[in-house]
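Scroll down for the structure; my scribbles are underneath it.
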Amino acid sequence: MILYLDTSALLKKYLKEEGSNDVISLWKKTSAIVTSTVAYAETLASIYRKKRETGEFDQRFFKAVLTSFQKDWKSFIHVDVNKDLNETIDKLTIAYPLRGFDAIHLASALILYEKIQENFIFVCYDKRLLKAAKEEGLNTFPGDL
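Encoded structure:
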């Protein structure tokens, strides 16, 4: 099984949130994790923002989260943002009310899905993005939000 994780799904491995156990369970069963290179900046920014805004993390936990993410990142398959994505992004932004990075994630997943198809699951916890992914024919998780 190959999982494409957008940032909303990726964060669930590192921050205890609703859906974290599901993502971790899928993660353990997968042969590969795929995401866009934009997920690196999105994930780091989200972790730092949560630390600043909530004060929930002590320094030790915060460092452990960062270390875990950066170690995992090296094992992911990264889809680079490049001009080849633009045609797909054009179509997606016309068809769906997506934010910019969400369009990048969906375009990245669709291009990869064209090559792989079997056992490919798009994992995301954003309602609009999940709906668009379903309408584009991707196998998605979770089923509904």
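Numbering (this note's numbering), first residue to last: 674 to 818.
Each residue gets a CB set at the ideal place from its N, CA and C atoms; glycine is no exception.
- For Thr-710, three-class secondary structure by DSSP: Coil at Thr-710, not helix or strand.
- Residue range of the alpha helix (DSSP H) that includes Thr-766: 756-768
- Query: Phe-730 by DSSP, collapsed to three states: which one?
  - Reply: Phe-730 falls in the coil class under three-state DSSP.
- Between Leu-758 and Thr-716, which are expected to be in contact by the criterion C-beta below 8 Å, what is the C-beta distance as a whole number of angstroms? That pair is no contact at about 19 Å.
- Message: Taking the beta carbon of Lys-686 as the centre, do at least 16 other beta carbons fall within 10 Å, making it buried, or is it exposed?
- Response: buried
- Query: How is the beta strand (DSSP E) around Phe-793 delimited, first residue to last?
  - Reply: 793-796
- Message: For Leu-710 and Asp-753, what's the separation of their Cα atoms in angstroms?
- Response: The displayed chain sequence assigns Thr, not Leu, to residue 710. Roughly 6 Å separates the two Cα atoms.
- Beta carbon of Leu-802 nearer than 9 Å to that of Leu-771: yes
- Query: Closest by CA to Leu-688, which one among Gly-810, Ile-706, Lys-701, Tyr-721?
  - Reply: The shortest Cα separation from Leu-688 among Gly-810, Ile-706, Lys-701, Tyr-721 belongs to Tyr-721.
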